[in-house]
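Position 520 of the sequence shown, counted from 1, bears residue number 519 in numbering that gives the first Met the number 0, the numbering being contiguous throughout. In what follows, a single structure is set out as structure tokens and then discussed.
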Amino acid sequence: MKVVVIGGVAAGPKTASRIRRLCDNADVTVVEKGEFLSYAGCGLPYYISGMVEDQKELMATPVGTVRDSVFFRNVKDVHVMNHTEATAIDRDNKKVAIRTEGGEAQELDYDKLVLATGAESFIPPIPGVELQNIFNLKDIHDADAIKDKLAKHKALNAVIVGGGLIGVEVAEAFQEMGCRITLVEYLPNILPMMDPEMSTLVEEHFESHGVRIKTGTKVTEFSGKDGLVEKVVTDQGEIPADIVIMAVGVRPATKLAAESGLEIGPTRAIAVDDRMQTSDPDIFAAGDCAEKTHLITGKPCYVPLGSTANKEGRVAANSICDIDDSFPGVLGSAICKIFNFSVGRTGLGEKEARDAGYDVVIAHAPAPDKPHFIPSAKPLFLKLIADRKTRKLLGVQATGPGVVDRRIDIAAVALTAGMSVDQMAQLDLSYAPPFSPAMDNILAALNILRNKMDGHMEGVTPAEVVEMHEKGDDFTLLDVRTPGELEQMRIEGATHIPLGAVRKRMGELDKSKPVVAFCKISLRGYEAALILKQDGFTDVKVMDGGVLMWPGELVR
Ligand code: FAD
Numbered sequence: 000m001k002v003v004v005i006g007g008v009a010a011g012p013k014t015a016s017r018i019r020r021l022c023d024n025a026d027v028t029v030v031e032k033g034e035f036l037s038y039a040g041c042g043l044p045y046y047i048s049g050m051v052e053d054q055k056e057l058m059a060t061p062v063g064t065v066r067d068s069v070f071f072r073n074v075k076d077v078h079v080m081n082h083t084e085a086t087a088i089d090r091d092n093k094k095v096a097i098r099t100e101g102g103e104a105q106e107l108d109y110d111k112l113v114l115a116t117g118a119e120s121f122i123p124p125i126p127g128v129e130l131q132n133i134f135n136l137k138d139i140h141d142a143d144a145i146k147d148k149l150a151k152h153k154a155l156n157a158v159i160v161g162g163g164l165i166g167v168e169v170a171e172a173f174q175e176m177g178c179r180i181t182l183v184e185y186l187p188n189i190l191p192m193m194d195p196e197m198s199t200l201v202e203e204h205f206e207s208h209g210v211r212i213k214t215g216t217k218v219t220e221f222s223g224k225d226g227l228v229e230k231v232v233t234d235q236g237e238i239p240a241d242i243v244i245m246a247v248g249v250r251p252a253t254k255l256a257a258e259s260g261l262e263i264g265p266t267r268a269i270a271v272d273d274r275m276q277t278s279d280p281d282i283f284a285a286g287d288c289a290e291k292t293h294l295i296t297g298k299p300c301y302v303p304l305g306s307t308a309n310k311e312g313r314v315a316a317n318s319i320c321d322i323d324d325s326f327p328g329v330l331g332s333a334i335c336k337i338f339n340f341s342v343g344r345t346g347l348g349e350k351e352a353r354d355a356g357y358d359v360v361i362a363h364a365p366a367p368d369k370p371h372f373i374p375s376a377k378p379l380f381l382k383l384i385a386d387r388k389t390r391k392l393l394g395v396q397a398t399g400p401g402v403v404d405r406r407i408d409i410a411a412v413a414l415t416a417g418m419s420v421d422q423m424a425q426l427d428l429s430y431a432p433p434f435s436p437a438m439d440n441i442l443a444a445l446n447i448l449r450n451k452m453d454g455h456m457e458g459v460t461p462a463e464v465v466e467m468h469e470k471g472d473d474f475t476l477l478d479v480r481t482p483g484e485l486e487q488m489r490i491e492g493a494t495h496i497p498l499g500a501v502r503k504r505m506g507e508l509d510k511s512k513p514v515v516a517f518c519k520i521s522l523r524g525y526e527a528a529l530i531l532k533q534d535g536f537t538d539v540k541v542m543d544g545g546v547l548m549w550p551g552e553l554v555r
């Protein structure tokens, strides 16, 4: 069996090596137009910051062997043609036209073909985008060019255009390199994978590290002198720039597939089934070029990630070798590190869930990630999204200096299993104080959801409370924290009665007015709301997430 694999970074080498392992009679060739093979693109920001010192580390096995074409020939028995581009697919005659860097054209026969052509950086047609010192970050050559520029000059004015995963990781790397950084994002918040109030926390964290965040800002031009960029012109003013990184997203590389008549899906990626088979039974696609199915909505989606590329490569290999396997889809799970914060999400965000027609209920649970008596305890901001009708969890987001990955991964497992919030809230998670609270943060958040769904608690988001203030609504915003906490920070205009005094002093409150109770994280706010309800207050809500999620000014 002759197998040709186009693309040599993540999905391609994974598919090729596994086919060769499984199938004695397979003759496997990988065609890669670039120089480098099987490298960790995800490690590029850490290579730029210097945490990864040598680019070879990104291409090496755990024992330090570099995965080059000799490695693939000797160890994997896979023939790799790098510096070679696949230019066309002749599906009728099962041939791939290739051209080497020297210009030599050839044809390769195949019985099975795998497209692992990945994604390409999107370059918007902004005037001046061709100026020098404007870079993308897609591969090792891009990273080398950026490193080269950073090495030659100190304290550069760096502008990062785009606040997605790559943009924020580059911002941190540039900070390590001593640059003055402005991150420009067209949308109202950075990290569109997160809900706005979660992104706001990350923006504040960036600002606290000296990174200027300009959201809701459109780049209109790059201007420069002698071919070198000097400033980024936006609809909100000009920003001096010695170096610019364009990080406004990627597009699936589908030219070969489209030109050969393969079906392209609604997300503009190559349509595949759960065996990674394209509309041609002898052609498979895996990784960033292939469309995914969202496990919750069941709809096509495009989430290009290395984690997924590897899984899909394995399934494509199994399918080609007639092993029963399938890749059902993704939850859009993603995580990144920004200075002391981790930021992660899985499943649907609140807006996505509403747009998909769910009866959405949310819980905010900001709390220390370990008991307060453990010195390493750190704040963790959790948000859960569920469907009131089916009581199914839909999504989880987390950020803060606390441990994010444990909570996101627990949620990813539960979402995959389709668990209800009630089943999930009883999960037998491991516990000892150095690791988590006795009731893990995610279990506590699930119980908030259950309280809301069971009618024990009615929540209102801090953003909604701000809106109520702005509209001039007549309501009591009740702060039930201790006097000591109040001294540290308070919300202007809130009425203060500590929880322990609520029963005695509730006569001070006007029963005819709606009450919104809160504390630091709104656990005590919830208790206060129950006390008031038991005493005949009819309209009592709890402010989700408490003062820690307050988006407005705090009096300190
Ligand atoms: P690619 O890596 O895009 O490789 C495709 C290859 O195909 C390319 O080398 C290209 O040259 C080659 N090719 C294309 N067309 C042809 C042709 N016609 N002929 C020959 N060769 C061709 N993912 C995560 O999961 N977590 C992370 O933390 C993360 N961080 C990232 C950080 C950065 C800076 C970047 C750039 C990416 C990051 N990713 C991350 C994404 C991850 O790197 C990609 O999802 C993964 O590399 C996709 O692998 P792939 O094999 O599908 O495609």
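Cβ atoms here follow ideal geometry from the backbone N, Cα and C, with glycine treated the same way.
- Bridge pairing for residue 249: 120 [DSSP].
- Between residue 178 and residue 230, the alpha-carbon positions lie close to 15 Å from each other.
- In this structure, the C-beta of residue 408 stays at least 8 Å away from each heavy atom of the ligand FAD.
- Taking 8 Å as the cut-off, the C-beta of residue 528 does not count as close to any heavy atom of the ligand FAD.
- Per DSSP, the continuous beta strand (DSSP E) segment holding residue 105 begins and ends at 104-108.
- Take the alpha-carbon of residue 6 and the one of residue 227: they are about 33 Å apart.
- About 6 Å separates the beta carbon of residue 378 from that of residue 400, a gap short enough to meet the 8 Å contact definition.
- Cβ neighbours of residue 16 within its own chain (closer than 7 Å, five residues either side excluded): 75, 77.
- Here residue 328 is actually not in contact with residue 345; their C-beta atoms are around 13 Å apart, not less than 8 Å.
- Relative to the ligand FAD, residue 345 has its C-beta separated by 8 Å or more from all heavy atoms.
- For residue 488, the CB contacts under 6 Å within the same chain, skipping 5 residues up- and downstream, are 553, 555 in chain order.
- Selection 473, 522, 512, 474 evaluated against residue 497 yields 522 as nearest (Cα-Cα).
- Taking 8 Å as the cut-off, one finds no heavy atom of the ligand FAD near enough to the beta carbon of residue 300.
- Its chain contains 273, 274, 314 as the residues whose beta carbon lies nearer than 7 Å to that of residue 325, once the 5 sequence neighbours on both sides are disregarded; these appear in chain order.
- Contact between the region 105-120 and the region 53-65 is absent: fewer than three C-beta pairs spanning the two stretches fall below 8 Å.
- Within the model, the alpha-carbon separation for residue 136 versus residue 421 is close to 43 Å.
- With respect to residue 286, residue 248 sits apart: the two C-beta atoms are not nearer than 9 Å.
- According to the DSSP assignment, residue 80 belongs to the beta strand (DSSP E) that extends over 78-80.
- The alpha-carbon separation between residue 545 and residue 200 amounts to approximately 14 Å.
- Distances taken from the Cβ of residue 9 to the heavy atoms of the ligand FAD include one shorter than 8 Å.
- DSSP places residue 276 within a strand segment (E or B) once states are collapsed to three.
- Under the three-state reduction of DSSP, residue 518 is assigned to coil, being neither helix nor strand.
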